[in-house]
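Start counting the sequence shown at 117; every next residue gets the next number (the numbering used here).
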Amino acid sequence: MPIHSLQGSFSGRLLTDPADMAPFLIDWRKRWTGKAIAVALPDTSEDVATVVRWCAANQVPIVPQGGNTGMSGACVPDGSGRALLLSLTRLNRVREVDALNNTMTVEAGCILQNLQDVARDANRLFPLSLGAEGSCTIGGNLSTNAGGVAVLRYGNARELCLGLEVVTADGEIWNGLRGLRKDNTGYDLRDLFVGAEGTLGVITAATVKLFPLPAAKVTAWAAVPSLHHAMQLLERAQNTLGARLTAFEALTPPCIDILGEQLPHLRWPMDERATDAVLIELSDPDSEAAGRVALEGLLEHAMEAGWVSDAAIAANLTQSREFWSLREHMTEAQQRAGKNIKHDIAVPVSRIADFVAQTNAAIAKAFPGVRMIVFGHLGDGNLHYNVSPPKGTRGEDFEVIEGAVNRITHDAVHAFNGSVSAEHGLGVLRRGEAARYKSAVELKLMHAIKQALDPQGIMNPGKALGDFA
Ligand code: FAD
Ligand code: MLT
Ligand code: ZN
Numbered sequence: 117m118p119i120h121s122l123q124g125s126f127s128g129r130l131l132t133d134p135a136d137m138a139p140f141l142i143d144w145r146k147r148w149t150g151k152a153i154a155v156a157l158p159d160t161s162e163d164v165a166t167v168v169r170w171c172a173a174n175q176v177p178i179v180p181q182g183g184n185t186g187m188s189g190a191c192v193p194d195g196s197g198r199a200l201l202l203s204l205t206r207l208n209r210v211r212e213v214d215a216l217n218n219t220m221t222v223e224a225g226c227i228l229q230n231l232q233d234v235a236r237d238a239n240r241l242f243p244l245s246l247g248a249e250g251s252c253t254i255g256g257n258l259s260t261n262a263g264g265v266a267v268l269r270y271g272n273a274r275e276l277c278l279g280l281e282v283v284t285a286d287g288e289i290w291n292g293l294r295g296l297r298k299d300n301t302g303y304d305l306r307d308l309f310v311g312a313e314g315t316l317g318v319i320t321a322a323t324v325k326l327f328p329l330p331a332a333k334v335t336a337w338a339a340v341p342s343l344h345h346a347m348q349l350l351e352r353a354q355n356t357l358g359a360r361l362t363a364f365e366a367l368t369p370p371c372i373d374i375l376g377e378q379l380p381h382l383r384w385p386m387d388e389r390a391t392d393a394v395l396i397e398l399s400d401p402d403s404e405a406a407g408r409v410a411l412e413g414l415l416e417h418a419m420e421a422g423w424v425s426d427a428a429i430a431a432n433l434t435q436s437r438e439f440w441s442l443r444e445h446m447t448e449a450q451q452r453a454g455k456n457i458k459h460d461i462a463v464p465v466s467r468i469a470d471f472v473a474q475t476n477a478a479i480a481k482a483f484p485g486v487r488m489i490v491f492g493h494l495g496d497g498n499l500h501y502n503v504s505p506p507k508g509t510r511g512e513d514f515e516v517i518e519g520a521v522n523r524i525t526h527d528a529v530h531a532f533n534g535s536v537s538a539e540h541g542l543g544v545l546r547r548g549e550a551a552r553y554k555s556a557v558e559l560k561l562m563h564a565i566k567q568a569l570d571p572q573g574i575m576n577p578g579k580a581l582g583d584f585a
């Protein structure tokens with residue numbers, strides 16, 4: 117049936133003009149550009165269901181999209197021009213905040229930063245926090261099972277979700293928006309859709325957890341002689357700060373160099389720039405003074421033990437934001453430096469220093485001169501193990517080596533019993549990797565779920581699990 121038969125059947129917008137559709141069809145990294153028969157921007161869950169039913173009746177593939185900040189190419193259609201892009205951005209209502217139940221129910225298109233503000237206005241914390249929070253949406257966060265910088269203390273998107281409303285692949289609305297910490301009534305359908313990258317259904321709303329708002333946060337950068345020393349600092353921090361330790365991020369020296377080259381206005385807060393560095397954040401329930409005493413005590417002990425060679429504690433909120441800005445601009449800095457090869461790996465925290473040392477050596481041997489831009493969520497075992505071209509070059513031909521670099525890295529991750537996608541999802545970028553590293557049993561079970569929930573294969577085909585999806 118022609119696309120204009122969809123026009124007028126739902127409230128919201130339907131874009132068919134190529135110029136209007138263009139911004140929705142290229143990803144944030146400018147790496148994937150797709151084509152679509154139309155971009156639909158429905159207003160309500162019922163509208164989403166109408167659009168999905170139309171697509172199901174006409175075997176039109178659907179690519180759900182939130183803030184289009186995904187890193188793996190799963191949020192834009194392929195080049196066939198057959199798909200409909202379904203933007204959730206107009207579903208942006210906060211349906212309920214229940215401070216006593218420590219939950220809020222929000223629509224999928226709500227921007228993450230806005231939800232952090234809504235929670236704060238209710239004297240609560242919604243802790244999911246990532247560099248794209250100004251434009252990513254909670255629907256996309258849940259669909260990618262996003263991690264970010266507070267996973268160490270609060271968990272990832274999956275652990276923050278209590279209930280979902282989903283439009284299924286045949287256009288029915290499942291309302292599972294229960295704000296219960298305990299609900300053992302059959303299979304956990306919620307967890308099937310979280311992290312599914314839009315391949316099983318469209319998330320239209322979620323009930324998420326809220327937490328007590330800390331009295332204060334205290335932030336510090338610490339220079340460490342190596343990642344092994346960073347691990348000793350992490351262990352001491354966990355033993356002495358306990359639940360007050362809310363972030364433990366790392367930058368390695370090439371990251372500090374690239375930040376200085378590409379974003380010189382961001383001031384590095386320590387003299388020491390030639391060693392690994394860790395950003396530590398402590399959230400104190402009582403007071404800033406108590407937090408400061410605890411963090412100073414940790415760093416003093418670490419310096420005496422030789423785990424830390426230099427440190428800077430943010431004097432106030434402004435400086436804390438400056439400290440975070442260095443970490444949050446890493447992605448942009450690397451993007452500005454030219455072509456790059458990204459990995460989003462996780463290995464057991466206790467093995468991460470060995471993984472980096474061993475894999476750095478393997479890549480340097482195979483590709484002398486490339487820059488190892490290794491940074492990220494050290495405290496929860498997830499690193500963005502990225503590679504940039506040699507200093508002074510922009511890697512015009514970098515794609516040529518990407519496959520070999522991926523293989524060295526992902527084979528090492530597998531050997532360390534890790535994951536080739538910690539938080540960004542498989543998308544297009546890594547859709548072949550699941551079949552390479554997962555067991556036949558696991559693939560068979562995932563195939564059975566896909567067949568059961570999307571038998572026509574219209575939900576974001578070709579993403580995540582690839583061909584059989
Ligand atoms: P999109 O990019 O629009 O979509 C992502 C995936 O979710 C696609 O598969 C899409 O089909 C699907 N999807 C979107 N909305 C829905 C829906 N309502 N129902 C079903 N499927 C849907 N990610 C991290 O995990 N941690 C980080 O620290 C982090 N930092 C980042 C920093 C920067 C500067 C940038 C640009 C990105 C970063 N990301 C990070 C990646 C990205 O922000 C996350 O993956 C985010 O969760 C994507 O949300 P989105 O709304 O932009 O989703
Ligand atoms: C981050 O932690 O900064 C992100 O996941 C983005 C990236 O990998 O570049
Ligand atoms: Zn990340």
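Where a beta carbon is used, it is the ideal one built from N, C-alpha and C, also for glycine.
Keep in mind that this is a model prediction, so the values were computed, not measured.
Same chain, Cβ closer than 6 Å to Ala-585, five either side skipped, listed in chain order: Note that Ala-585 scores 44 on pLDDT, short of 50, meaning its location in the model is unreliable; the coordinates nonetheless yield the value given after this. Only Thr-315, Lys-566 meet the Cβ criterion.
Taking 7 Å as the threshold (C-beta atoms), are Leu-204 and Ala-172 in contact? Ala-172 is not a Cβ neighbour of Leu-204, given a cutoff of 7 Å.
On a CA-only basis, which of Gln-572, Phe-140, Ala-266, Gly-578 is nearest Asn-174? Give me that one, please. Gln-572 is the residue among Gln-572, Phe-140, Ala-266, Gly-578 whose C-alpha sits nearest the C-alpha of Asn-174.
Have a look at Thr-362 and Val-310 and give me their C-alpha separation to the nearest angstrom. In this structure, the straight-line span from the alpha carbon of Thr-362 to that of Val-310 is close to 23 Å.
Name the DSSP beta bridge partners of His-344, please? Per DSSP, His-344 has no beta bridge partner at all.
Do you know whose CA, among Lys-579, Ala-418, Asn-300, Gln-232, lies nearest Leu-276's CA? The residue among Lys-579, Ala-418, Asn-300, Gln-232 with its C-alpha nearest the C-alpha of Leu-276 is Gln-232.
What separation, rounded to the nearest whole angstrom, lies between the Cα atoms of His-445 and His-120? A straight-line Cα-Cα distance of about 42 Å links His-445 and His-120.
Cα-Cα separation between Gly-144 and Ser-342, rounded to whole angstroms: Note that residue 144 is Trp in the sequence shown, not Gly. Cα to Cα, the separation comes out at about 33 Å.
Cβ-heavy atom distance between Thr-447 and the ligand MLT below 6 Å? For the ligand MLT, at least one heavy atom lies less than 6 Å from the Cβ of Thr-447.
Where His-530 and Tyr-553 are concerned, what is the direct C-alpha to C-alpha distance, given to the nearest angstrom? Straight-line spacing of the CA atoms in His-530 and Tyr-553 works out to 7 Å.
Within the region 252-316, note down every full beta strand (DSSP E) run reaching 3 residues or more, in order along the chain. Taking only runs of at least 3 residues, the beta strand (DSSP E) segments lying wholly in the region 252-316 are 277-284, 289-292.
In whole angstroms, what is the alpha-carbon distance linking Gly-271 and Pro-118? Computed Cα separation, rounded: 45 Å.
Does the distance from the C-beta atom of Met-137 to that of Val-155 stay below 7 Å? Taking C-beta atoms as the reference points, Met-137 and Val-155 count as a pair closer than 7 Å.
What I want to know is whether the C-beta of Gly-124 ends up closer than 6 Å to one or more non-hydrogen atoms of the ligand ZN. False, no ligand heavy atom lies under 6 Å from that Cβ.
Where does Lys-333 fall in DSSP's three states? DSSP places Lys-333 in strand when its eight states are reduced to three.
Just curious, the beta strand (DSSP E) that Asp-400 is in, first and last residue? 392-400 is the span of the beta strand (DSSP E), which, as asked, contains Asp-400.
If we count Cβ pairs, one from each stretch, closer than 8 Å, do we get three or more for the region 417-435 versus the region 488-505? Contact fails: fewer than three Cβ-Cβ distances are below 8 Å.
Check whether the Cβ of Gly-492 sits closer than 6 Å to any heavy atom of the ligand MLT, and report yes or no. Distances taken from the Cβ of Gly-492 to the heavy atoms of the ligand MLT include one shorter than 6 Å.
Cβ-based burial, Ser-537 [other Cβ within 10 Å; buried from 16]: Counting of Cβ neighbours within 10 angstroms places Ser-537 among the buried residues, the total reaching 16 or more.
Taking buried to mean at least 16 other C-beta atoms within 10 Å of its own C-beta, is Pro-180 buried or exposed? Buried, by the Cβ-count rule.
DSSP three-state assignment for Ala-585, whether helix, strand or coil: Only weak support exists for where Ala-585 lies, its pLDDT of 44 falling under 50; the value from the coordinates is given anyway. In the three-state DSSP reduction, Ala-585 falls in the coil class, being neither helix nor strand.
Measuring CB atoms only, is the region 376-384 touching the region 347-365, in the sense that at least three cross pairs come out at less than 8 Å? Under the 8 Å Cβ criterion, the region 376-384 does not count as touching the region 347-365, having fewer than three qualifying pairs.
Given Pro-370, which residues of its chain have a CB within under 8 Å of its CB, disregarding the five upstream and five downstream residues? A distance below 8 Å between beta-carbons, with the five flanking residues on each side excluded, links Pro-370 to the following residues of its chain, in chain order: Arg-487, Met-488, Ile-489, Val-490, Ser-504.
Who pairs with Val-234 in a beta bridge, going by DSSP? BP columns for Val-234 are empty, so no partner.
Given that a residue counts as buried once 16 or more other Cβ atoms are within 10 Å of its Cβ, and exposed if not, what is Leu-200? Result: buried.
What residue does the alpha helix (DSSP H) around Met-419 start on, and which one ends it? Per DSSP, Met-419 is one residue of the alpha helix (DSSP H) stretching across 404-421.
Return the chain-ordered list of same chain residues with a C-beta closer than 6 Å to the C-beta of Ala-393, the five sequence neighbours on each side being excluded. Result list for Ala-393: Trp-337, Ala-339, Leu-367, in chain order.
Can you name the residues that DSSP bridges to Gln-181? Under DSSP, Gln-181 forms a beta bridge with Ser-203.
As assigned by DSSP and simplified to three states, the class of Ser-196: Annotated three-state conformation of Ser-196 is coil, per DSSP.
Would you be able to state if there are at least three C-beta pairs under 8 Å between the region 351-362 and the region 312-328? Taking 8 Å as the limit for Cβ pairs, the verdict is that the region 351-362 does not touch the region 312-328.
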